[in-house]
Amino acid sequence: MVGFLINEVPFNPDGWGPPETTSPSNVPFAPFSRSDKLGHGLLNPDDDNSFRLVDGKPIPKPKFGPKWRFQNNRNQLPQRRDEEVEAKKREAEKQRVRRDRQYNANRQGGQGNYNAARRESAVFKSSVDIQPEWNMLDQIPFSAFSKLSYNVGEPEDLVTCGAVEGYDKSYDRTTPKNERRLERFKNRNFFKVTTTDDPVIRRLANEDKATSIKRNFR
C-alpha cells in the first residue's frame, strides 16, 4: 500500500492560518507591474577577437530574371506591337483631320471676310410697308432711344375679378423634424388662360378705355 506523505506545515503561534514569513527569503525578486516593458539583454564580458568580417559588399542581382518572366515578356511582344501600331494610326488620323481643318479654314478665309462684310451692310426689311406717297415728318436715329426716358403715372384698376388667397410661408420651413401635411383644395377652380385668350382683356381692348392693359395677381 502506497503511503501518503504530508509536507511540512508551518506553525503560526500568533493566530490562525499560515504565518507571513513562509515565503523564501533568499530568492531574488524585482517589483513588476503590467505597464512595465520587459526585455532581455546579454552582457558578454569576453572580447571576441576571433570575429572577422569577410565581405561587406551587397549581393549582386542577376541581370536576367527567371526563365518564366522572359517567356511571359516574349508572349506579350506581339500584343505590344499591335498596340503601338494602333496608336500610330490614331495619331496619324488626328494629324490628317487637323491639316484638313486648317486647309478649309484658310480656303474659306477670304469668303468668310466677304460674308461678314455682307452681313454688316445688310438692310433688314421693316415690319411696316412704307408707301412712297407718305410725307416724312421727323427722323430719329436709333442711338437717340438709349437716352430717352418717360415718367409713367400710377396705374388704375379697371376691373377686379376673383381673388387669390394668401400663401402660408410656414411651408417654406418644412423639415424632416417639422413636418407639414399637404392639404387638397376644396371648391377651387384653377384657370390656365393666357393674357391673349383672357375674355376680360379682350372686352377692355374692344371698349378702348385704356392704352396699356396688364394682368396683376395680388
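The opening residue of the sequence shown carries number 806 in the working numbering; numbering runs sequentially from there. Virtual Cβ for every residue (Gly too), placed ideally from N, Cα, C.
Query                                                                                                          : Result
Delimiting residues of the alpha helix (DSSP H) encompassing ARG1008                                           : 1004-1012
Inter-stretch contact at 8 angstroms, needing at least 3 Cβ pairs: the stretch 951-970 / the stretch 1003-1015 : yes
From PHE996, ALA892, GLU825, SER1017, residue whose alpha carbon lies closest to that of GLU959                : SER1017
Cβ-based neighbour list, PRO981, same chain, cut-off 7 angstroms, excluding 5 preceding and 5 following        : none
Three-way DSSP call (helix, strand, coil) for SER906 in this model                                             : Contrary to the premise, residue 906 reads as Arg rather than Ser in this sequence. DSSP places ARG906 in helix when its eight states are reduced to three.
Through-space distance from VAL933 to TYR955, alpha-carbon basis                                               : 25 angstroms
Three-state secondary structure (DSSP) of LYS944                                                               : Reading off the sequence shown, one finds Gln at residue 944, where the question assumed Lys. Coil, per DSSP.
DSSP-derived helix/strand/coil call for GLY820                                                                 : coil
Separation of THR979 from ARG985, as counted between CA atoms                                                  : 6 angstroms
VAL933 (DSSP reduced to helix, strand or coil)                                                                 : coil
Separation of LYS866 from PHE875, as counted between CA atoms                                                  : In this prediction, PHE875 scores a pLDDT of 49, lower than 50, which makes its location untrustworthy; the coordinate-derived value is nonetheless stated afterwards. If I take the Cα positions, the gap works out to 16 angstroms.
For TYR955, the three-state DSSP class (helix, strand or coil)                                                 : coil
ASN983, DSSP secondary structure in three states                                                               : coil
Own chain, CB closer than 7 angstroms to PRO823, minus 5 neighbours either side, in chain order                : PRO815, ASN817
TRP821 versus SER840 - alpha carbon distance                                                                   : 36 angstroms
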